[in-house]
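Q:
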Amino acid sequence: MKGDQIPHKMLSQDAYSTWLGIEILECEVGKCKVGMTIRKDMLNSMNKAHGGISYSLADTAFGFTANTHGNYAVSIETSINHIEALNEGDYIVAESVIEKVNNKLGFNIVEVKRGEELVALFKGVVYRTQKQWQE
Numbered sequence: 001m002k003g004d005q006i007p008h009k010m011l012s013q014d015a016y017s018t019w020l021g022i023e024i025l026e027c028e029v030g031k032c033k034v035g036m037t038i039r040k041d042m043l044n045s046m047n048k049a050h051g052g053i054s055y056s057l058a059d060t061a062f063g064f065t066a067n068t069h070g071n072y073a074v075s076i077e078t079s080i081n082h083i084e085a086l087n088e089g090d091y092i093v094a095e096s097v098i099e100k101v102n103n104k105l106g107f108n109i110v111e112v113k114r115g116e117e118l119v120a121l122f123k124g125v126v127y128r129t130q131k132q133w134q135e
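Quick note on numbering: the UniProt record's numbering labels position 111 of the sequence shown as 111, and the sequence is numbered without any gaps.
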């Protein structure tokens, strides 16, 4: 299966990302950009987006990017820095880039932005399995 098609297959099988309203904006081997709009049912008690929302968007971009090399890749470590609070109606975009990849591990950086403003920074490591994606 071509690497740039894998994220589309993954999204079609991902009920949570679909519920979030995540859309794929760009995708190529080693890089993926996804976006979504913050809804009222995603707000916390302070009327700001729950931190898990930006984390979920970044994690989805991370997972999609990590799998573009054709083999199943699974997360083994992630972290996020929340830089700015998000509001209902904000449209946020996460862009994931593979910084380094070897036979078994991949290291990704994901920037989450509201327009040009950096609102979160996510780092992740994946384990790359031998199982290949099939159409």
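Note that the Cβ used here is the ideal one computed from N, Cα and C, for glycine as well.
(1) Hey, how far is the Cα of THR60 from the Cα of MET36?
(2) Which whole runs of the alpha helix (DSSP H) in the segment 59-112 are 4 residues long or more, in chain order?
(3) Count Cβ pairs between the segment 106-123 and the segment 80-94 that sit closer than 8 Å; are there 3 or more?
(4) What does DSSP give as the partner residue(s) for TYR127 in the beta ladder?
(5) Nearest-angstrom Cα distance between ASN102 and CYS32?
(6) To which residues of the same chain is ASP4 closer than 6 Å at the C-beta, ignoring the five residues directly before and after it?
A: To lay it out plainly:
(1) Residue 60 sits at position 60 when you count from the first residue of the sequence shown. Residue 36 sits at position 36 when you count from the first residue of the sequence shown. Spanning the two alpha carbons is a distance of roughly 11 Å.
(2) none
(3) yes
(4) As a position in the sequence shown, residue 127 is number 127, starting the count at 1. VAL74, LEU105.
(5) If you number the sequence shown from 1, residue 102 lands on position 102. If you number the sequence shown from 1, residue 32 lands on position 32. Each residue's alpha carbon lies about 19 Å from the other.
(6) Indexing the sequence shown from 1 puts residue 4 at position 4. Hits under 6 Å: CYS27, GLU28.
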